[in-house]
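There are 2 protein chains.
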Amino acid sequence: MAGRNLVGPEADALDLGAVFRALADEHRRSVLTELAADRSDSERGCNSFDLPISKQTQTHHFRVLREAGLIDEIDYGNRKGIRLRRADIEKRFPGLLTLLGAESPGGTAPR
Amino acid sequence: MAGRNLVGPEADALDLGAVFRALADEHRRSVLTELAADRSDSERGCNSFDLPISKQTQTHHFRVLREAGLIDEIDYGNRKGIRLRRADIEKRFPGLLTLLGAESPGGTAPR
DNA sequence: CTTCAGGTACGATGCAAGTCGTACTTGAAG
DNA sequence: CTTCAAGTACGACTTGCATCGTACCTGAAG
Numbered sequence: 321m322a323g324r325n326l327v328g329p330e331a332d333a334l335d336l337g338a339v340f341r342a343l344a345d346e347h348r349r350s351v352l353t354e355l356a357a358d359r360s361d362s363e364r365g366c367n368s369f370d371l372p373i374s375k376q377t378q379t380h381h382f383r384v385l386r387e388a389g390l391i392d393e394i395d396y397g398n399r400k401g402i403r404l405r406r407a408d409i410e411k412r413f414p415g416l417l418t419l420l421g422a423e424s425p426g427g428t429a430p431r
Numbered sequence: 321m322a323g324r325n326l327v328g329p330e331a332d333a334l335d336l337g338a339v340f341r342a343l344a345d346e347h348r349r350s351v352l353t354e355l356a357a358d359r360s361d362s363e364r365g366c367n368s369f370d371l372p373i374s375k376q377t378q379t380h381h382f383r384v385l386r387e388a389g390l391i392d393e394i395d396y397g398n399r400k401g402i403r404l405r406r407a408d409i410e411k412r413f414p415g416l417l418t419l420l421g422a423e424s425p426g427g428t429a430p431r
């Protein structure tokens, strides 16, 4: 039952290039935007994002997000948990997660 | 000679995906980091960035930056001026330019 | 045990993107 | 005018990446 946490980079080692590359993809960015919107930072099943792609491709995308240091993946064997590394991201790149909420032009941006 | 300003997206139309894709490349990110560091936002020649790539490739990269809405390109015919669209970027994605200053990780961080 | 759903590993494929070579255009300087 | 440097246009090449098919692994429920 106790899942093991898959490895990712340390907080100080987060690379901005890897982060931008990870967020350049629409599907990965939608996942992170959804995670950033949930302030409780609860663990989510990686099946709860309703991505219109096959599960092999989802595996690929979650791996990219993990290797960029944006999420933690907890492996339970036949299922997987996803958690946003909010503290580490805010420590290394403060304001990045807020940026993801500005997707819609009608948001907080004053005209 | 009065150069003409090449077209780019409006400030409200800046797309976060295009911005992340533009900043995913190391060369383009170095250009924008350098521009963001100069608070005077003076116009620069596109030859002043000392990029280790051919001029054709530089043309390509500056075009991507312009089409993402991050820079203005002023065409003088046989030379070109580059200017950061700081106000538009800050209006649409506040904090993004500050983020680029956090490039340097804290020391020896393998992987 | 068997079954089954969630997930991974590996390989193949198709497409987008970075790079450069050649040729052309532009404007300034002689 | 000619020359020259800066930049662009077009095409070709190569790499990277998103995607999926097939096969395999894992743990829970019958």
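Residue numbers (this note's numbering), protein chains in the order written: chain A, 321 to 431; chain B, 321 to 431.
All C-beta atoms, glycine included, are put in the ideal place defined by N, C-alpha and C.
Fair warning: this is a prediction, and the values are worked out from it, not measured in the lab.
Chain-ordered chain B contacts of residue i [CB-CB under 8 Å]
i                : result
glycine 337(A)   : Ala344, Glu346, Arg349
glutamate 363(A) : Those do not exist, as glutamate 363(A) stays about 25 Å from chain B at its closest Cβ, beyond 8 Å.
Own chain, CB closer than 7 Å to residue i, minus 5 neighbours either side, in chain order
i                : result
aspartate 361(A) : Arg403, Leu404, Arg406
glutamate 423(B) : Thr353
aspartate 395(A) : Gly323, Arg324, Leu326
alanine 356(A)   : Leu404, Leu417, Leu420, Gly421
Contacts around residue i, its chain only, beta-carbon distance under 6 Å, and the 5 residues preceding and following it disregarded
i                : result
valine 351(B)    : Phe369
lysine 375(B)    : none
alanine 338(B)   : Ala388
aspartate 408(A) : Ala331
Same chain, Cβ closer than 8 Å to residue i, neighbours up to 5 away in sequence not counted
i              : result
glycine 365(B) : Arg399, Lys400, Gly401, Ile402
Amino acids of chain A, ordered along the chain, whose beta-carbon sits closer than 8 Å to that of residue i
i              : result
glycine 328(B) : Within 8 Å Cβ-Cβ: nothing; glycine 328(B) doesn't reach chain A, min ~16 Å.
Contacts of residue i in chain B (Cβ-Cβ under 9 Å)
i                : result
glutamate 416(A) : The residue asked about is misnamed: residue 416(A) is leucine in this sequence, not glutamate. Near leucine 416(A) (Cβ distances below 9 Å), the residues of chain B are Gly415, Leu416, Leu419.
alanine 388(A)   : Simply none; closest approach about 11 Å.
Among the options, the one whose alpha carbon lies nearest that of residue i
i                : options                         : result
glutamine 378(A) : Glu363(A), Arg349(A), Arg359(A) : Arg349(A)
aspartate 414(A) : Leu334(A), Pro329(A), Gly328(A) : Per the sequence shown, residue 414(A) should be read as proline rather than aspartate. It is Leu334(A).
histidine 381(A) : Asp345(A), Gly397(A), Arg359(A) : Asp345(A)
leucine 371(A)   : His347(A), Gly397(A), Arg412(A) : His347(A)
Chain B residues whose Cβ lies nearer than 7 Å to that of residue i
i                    : result
phenylalanine 369(A) : Going along chain B, no residue has its Cβ under 7 Å from phenylalanine 369(A), so there is no contact; the nearest lies around 17 Å.
arginine 341(A)      : Ala344
Chain A residues whose Cβ lies nearer than 9 Å to that of residue i
i              : result
alanine 422(B) : Leu336, Arg412, Phe413, Pro414
Contained alpha helix (DSSP H) runs [length at least 4] in the stretch 324–377 of chain A, N- to C-terminal order: Qualifying alpha helix (DSSP H) stretches, in chain order: 336–343, 346–357.
Inter-stretch contact at 8 Å, needing at least 3 Cβ pairs: the stretch 386–393 of chain B / the stretch 374–389 of chain A: Contact fails: fewer than three Cβ-Cβ distances are below 8 Å.
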